[in-house]
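2 protein chains.
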Amino acid sequence: MAERDAETWKGYAIVMRFSIQKSALMQAIQIVSKAVAVRTTKQVLSGILLEVSNQEIVATAYDMELGIQTRIYASDDNQLTVEQAGSIVLPARYFSEVIRKLPDTVITMQVANNYMTEISTASVEFHLHGIDAEEFPKLPTFVGVQGLQIQASMLDDLIRTTAFATANTEVRPILTGINVQCNHERLTFTATDGLRMATHYVHLTDAPVWQAVIPGKSMLELSKILPTDDSVVELYLTESHSLFVIGDTRFYTRLIDGTYPDTSRIIPTSHKTEITAAGQALLGAIDRAALIARDRDNHMVRMEIQNDTITVSSNSPEIGNVSETITVEQKTGDDLQIAFNARYVLDALRALDAAQVTARFNGTTQAFVIEKTGDQTMLQLISPVLWR
Amino acid sequence: MAERDAETWKGYAIVMRFSIQKSALMQAIQIVSKAVAVRTTKQVLSGILLEVSNQEIVATAYDMELGIQTRIYASDDNQLTVEQAGSIVLPARYFSEVIRKLPDTVITMQVANNYMTEISTASVEFHLHGIDAEEFPKLPTFVGVQGLQIQASMLDDLIRTTAFATANTEVRPILTGINVQCNHERLTFTATDGLRMATHYVHLTDAPVWQAVIPGKSMLELSKILPTDDSVVELYLTESHSLFVIGDTRFYTRLIDGTYPDTSRIIPTSHKTEITAAGQALLGAIDRAALIARDRDNHMVRMEIQNDTITVSSNSPEIGNVSETITVEQKTGDDLQIAFNARYVLDALRALDAAQVTARFNGTTQAFVIEKTGDQTMLQLISPVLWR
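Protein chains in written order, with my numbering: chain A, 1189 to 1576; chain B, 1189 to 1576.
Following this line, the structure appears as structure tokens:
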């Protein structure tokens, strides 16, 4: 190897060199990869920045919307040894594939001052063209900003139960975000696409007061890297960005400009019909009815509440029809017929994930509410379909 | 339900009625689904034919290329009870989804003489528009044809080690098939796309003499439904079709017309270089080199055999380069430099799936052979890439 090294590197100074266990580097690459730009004309954004200093590697990806940065500290496990501090940007796709396909051993990386990067083990030697680290954009700064702390599992739950309700078109950009509100006692996530709304809060103590609209897509990416244990995530905000600190990983996302609609005023305060039913039975019935409900009909399913039964049905002239009856566990108020988009109600029931759900209606044309029975921290509101 | 039945079925005679455990019906649907036509203007071909007779259901799908038929006999497990024999064609997509989403219980199906089909459990009631079973095409007939028997696992192995080498374009339709040859002693599968060839035989006793070209895609579908145990598959041929009988399932496929090229004459009978190397090490080196080998360069990877080492390398002006050296376990003959399409050699090495492989070369421009060391029942032949 020494001979080949001399040839390849002839005339170029080594500006960075370290060795590390393959698995540790691979893990860092996988974490930051979600923030690599996929379609971009700025080549540097489709790269991963490696900054190597004394016994530490910092890996960063940043597509100007989402930024993820993670750190590897030297340990007995990862066998990190830095011989020469420095930095480089490597094309994420090839860098990731090369590391993934290397045998599970200690690998050495070195960079020459022409940005050529060698990745090698005892038998293999890759050379990839790198890019000057100076070209990589700077992550937003969060200096002296007051943060709040939340359990990772709690944050994950807030995302899971609301993000699906954000708008997936840019017609009203503000609705593609989750409205995150914090007062001293509560952290509330709210999302709506205009036809349904999901809102969920958790109790906090001594939290700062603020509000921000964070892109729903970014939150879904965040939930993929959240640990499943009860470790603590720190959340910081500026006027333009939010930052989530998860152990050695920092997750940055821009905020969405604009005023979020006042969703509190659309939550009905009274109702004419209230039912409580088994969550799984209701979900199963609507899921089956949705098979016959077509795209072009807004996935319309009908529900008829009569005495102590709910009948869920749908029909299509071409395919056929379906009807299923389940028993309500409790009912107060009027009988009711209502139609809705099955996908919205399925999303809501899956988010609630409850043995028992309670739904409250105000006739055929008003939005209705579904909650976990006896739990008002989470609320799903859905507009009915009036006709097809 | 009785009341609703009376309404729906009023004026129509019941022409078929049975009940069965959901899981048994679902399994039959899954088996035959591979032969349902996906894009067709003949609606009946996108359906599944159910023929119900005394204590037996026969399910059939047939897209005119591939036909799969399976039988369910009444048993304690499946609780099949036939009340009225008859037949119907149901739209495969909806029928399959409806059965999949039903709870795991006994379901009842009944068909009216307007082809409306009711699928119901105690609480759910689906109605699907069916099609007259008379419109469903007849499967090819195999009467008085002599068959051969082969273990399912052996048949699966023959398919796995050859089908990938069939052509995936219709430029020469005959090359999209596997050439299946049988003499008294051997059953041989051969596939080639013109740039590489895979051939594999197993020993048989007292087998009939015949030859047929069976579509590679159909064989891959067959391998998905083959049992993994050592049960026996029966294989029958006519002038136009083949039939594989696997327990209660019959798998039909048309044959490809035309004369298969005489592949035996292109297998080299001598060589100038022979090496034996560890299969996994060679596969790993070529897999890594392929990362840098681009589509537009035919995935070209170079191999240099010098003394007792193999160096695998590739390079791309835009991305970089890679070089990996492994030790040969045995070598006879000349040193050699050769270039090849990495995907072809990876396919071959994965098919061989061998601890040790032996490769034989006749210089830089001749096709080379790879075999499992000490086993000549399987042979992979690959054309080199001469330039890029």
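Ideal Cβ placement from N, Cα and C applies to all residues, glycine included.
- Contacts with chain A at 8 Å (Cβ-Cβ) do not include arginine 1205 (chain B).
- Cβ-Cβ separation between valine 1220 (chain A) and glutamine 1267 (chain A): approximately 21 Å, too far for a contact (criterion under 8 Å).
- DSSP places proline 1396 (chain A) outside both helix and strand once states are collapsed to three, so it counts as coil.
- The Cβ-Cβ distance between leucine 1537 (chain A) and threonine 1461 (chain A) does not fall below 8 Å.
- A Cβ of chain B is located within less than 8 Å of the beta carbon of arginine 1476 (chain A).
- The Cβ atoms of alanine 1379 (chain B) and isoleucine 1366 (chain B) lie closer than 8 Å to each other.
- Chain-order list of chain A residues neighbouring threonine 1513 (chain B): Ser1311, by C-beta distance under 7 Å.
- Classified as buried, histidine 1315 (chain B) has 16 or more neighbouring CB atoms from the shown chains inside 10 Å of its CB.
- Within the same chain, Cβ atoms closer than 6 Å to the Cβ of leucine 1346 (chain B) are found at Phe1377, His1388, the five residues on either side in sequence being excluded.
- Serine 1430 (chain B) is bridged by DSSP to B:Leu1425, B:Thr1441.
- The contact set of asparagine 1509 (chain B) on chain A, defined by CB atoms closer than 7 Å, consists of His1315 in chain order.
- Just measuring C-alpha positions, the residue of A:Ser1211, A:Lys1222, A:Leu1534 sitting nearest serine 1234 (chain A) is A:Lys1222.
- Near chain B, meaning a CB-to-CB distance below 8 Å, the residues of the region 1280–1295 of chain A are Tyr1282, Glu1285, Val1286, Lys1289, Leu1290, Pro1291.
- Within chain A, the residues Tyr1282, Glu1285, Val1286, Lys1289 have their CB atoms less than 7 Å from the CB of leucine 1479 (chain B), given in chain order.
- C-alpha of phenylalanine 1283 (chain B) to C-alpha of alanine 1465 (chain A): approximately 28 Å in a straight line.
- The alpha-carbon of glutamate 1271 (chain B) is positioned some 29 Å away from that of serine 1504 (chain A).
- The beta carbons of methionine 1204 (chain A) and alanine 1280 (chain A) sit no closer together than 8 Å.
- Measuring C-alpha to C-alpha distances from isoleucine 1260 (chain B) to each of B:Pro1403, B:Ala1386, B:Ile1217 identifies B:Ile1217 as the nearest.
- Glutamate 1239 (chain B) sits in a strand when the DSSP states are folded into three classes.
- Residue environment: tyrosine 1200 (chain A) is assigned as exposed (fewer than 16 neighbouring CB atoms within 10 Å of its CB, all protein chains considered).
- Interface flag for glycine 1472 (chain B) against chain A is set, since a Cβ pair is found closer than 8 Å.
- When only Cα atoms are considered, proline 1403 (chain B) and phenylalanine 1439 (chain B) end up about 13 Å apart.
- Counting the other Cβ atoms within 10 Å of the Cβ of glutamate 1358 (chain A) gives fewer than 16, which makes it exposed.
- Closest in alpha carbon position to alanine 1300 (chain B), among B:Glu1422, B:Asp1541, B:Ile1276, B:Ala1247, is B:Ile1276.
- A Cβ-Cβ contact shorter than 8 Å links valine 1500 (chain B) with glutamate 1512 (chain B).
- The region 1394–1411 of chain A and the region 1333–1353 of chain A touch, with three or more beta-carbon pairs separated by less than 8 Å.
- The beta-carbon distance between histidine 1459 (chain B) and glycine 1382 (chain B), rounded to whole angstroms, is 22 Å. This is too long to meet the 8 Å contact definition.
- Under the three-state reduction of DSSP output, alanine 1340 (chain A) falls in the helix class.
- A check of alpha carbon separations from cysteine 1370 (chain A) across A:Ile1287, A:Tyr1303, A:Gly1446, A:Gln1399 identifies A:Gln1399 as the nearest.
- A distance of 8 Å or more separates the beta carbons of methionine 1566 (chain B) and alanine 1527 (chain B).
- When beta bridges are read from the DSSP output, valine 1545 (chain A) appears opposite A:Ala1465, A:Lys1560.
- Between the beta-carbon of glutamate 1323 (chain A) and that of valine 1232 (chain A) there is about 5 Å, and that keeps the pair under the 8 Å contact cut.
- Ranked by Cα distance from valine 1331 (chain B), the options B:Gly1255, B:Ala1395, B:Ser1430 are led by B:Ser1430.
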